[in-house]
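Here is the structure we will look at.
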Amino acid sequence: MPADSTNFFEKIFDVVKQVPYGRVTSYGAIASFLGAARSARMVGWAMNGCPGDLPAHRVVNRVGLLSGKHHFEGTNLMQQLLENEGIEVDDNKIVDFKKYFWDPAKELDF
DNA sequence: AACGTGACACAGC
DNA sequence: AGCTGTGCCACGT
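The opening position of the first sequence corresponds to residue 1 in this note's numbering, with each subsequent residue numbered one higher.
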């Protein structure tokens, strides 16, 4: 079965959906995990076409900054969702990001 | 086909 | 994790 472009997107969605409650991951981690180490932008772009059932609020940039909050409804929804999961967020930024960071390449085993 | 844009990352200051 | 510049891939115009 050859790999379609769609497969890349599906993988991204699949990984994000598998992110455990109270955890977050980064675009770069996903990109690297999928073999597109330097193409984190593609991951972010993929989110642009996210199906909607995707917990995109658990996906942030490498410093834990809610770079995509602007794409959510309102202005604080993304932060509220994360805080609701027990993640400390301060000014659109995750506190102790490293502590909440969930690496698919380590935690997940493909 | 070229240029600009984007939910990023890394190297350099 | 603070700012700037460059590289990356895909898409819209």
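Ideal placement from N, C-alpha and C gives every residue a C-beta, glycine not left out.
Bear in mind the structure is a predicted one, so any value in this text is a computation, not a measurement.
- If you check the beta carbons only, do Asn92 and Leu65 fall under 9 Å apart? Residue 92 sits at position 92 when you count from the first residue of the first sequence. Residue 65 sits at position 65 when you count from the first residue of the first sequence. Yes. Within cutoff.
- Message: Extract the residue ranges of the alpha helix (DSSP H) inside the region 14-63, only unbroken runs of 4 or more that lie entirely within it.
- Response: 27-34, 40-48
- Message: One question on the structure: do Gln18 and Leu82 come within less than 9 Å of each other, judged by their Cβ atoms?
- Response: Counting from 1 along the first sequence, the entry for residue 18 is found at position 18. Counting from 1 along the first sequence, the entry for residue 82 is found at position 82. Result no, Cβ atoms of Gln18 and Leu82 do not sit closer than 9 Å.
- Message: Ala46 and Phe13 - do their beta-carbons sit closer together than 9 Å?
- Response: For the purposes of this step, residue 13 is identified with residue 13 of the first sequence, where counting begins at 1. For the purposes of this step, residue 46 is identified with residue 46 of the first sequence, where counting begins at 1. It is a contact, given that the beta carbons lie within the stated cut-off.
- Item | Distance between Lys69 and Met42 (C-alpha atoms, nearest Å) | Here the question's residue 42 lines up with position 42 in the first sequence. Here the question's residue 69 lines up with position 69 in the first sequence. The alpha-carbon atoms of Met42 and Lys69 are separated by roughly 17 Å.
- Message: What would DSSP say about Leu65, mapped onto helix, strand or coil?
- Response: What you label residue 65 is simply residue 65 of the first sequence in a count that begins at 1. Three-state DSSP puts Leu65 in a strand.
- In the DSSP assignment, what residue or residues form a beta bridge with Phe101? For the purposes of this step, residue 101 is identified with residue 101 of the first sequence, where counting begins at 1. Its beta-bridge partners are Val24.
- Query: Do you know how far the Cα of Gln80 is from the Cα of Asn7?
  - Reply: By one-based count along the first sequence, residue 7 stands at place 7. By one-based count along the first sequence, residue 80 stands at place 80. Computed Cα separation, rounded: 31 Å.
- Task: Figure out for me which residue from Tyr100, Asp96, Val60 has the closest Cα to the Cα of Gly44.
- Result: The residue given as residue 44 occupies position 44 in the first sequence. Answer by Cα proximity: Val60.
- Straight-line gap, Glu88 to Val16 (C-alpha atoms, nearest Å): Here residue 88 refers to the residue found at position 88 when the first sequence is read from its first residue. Here residue 16 refers to the residue found at position 16 when the first sequence is read from its first residue. When rounded, the separation of the alpha-carbon atoms in Glu88 and Val16 is 19 Å.
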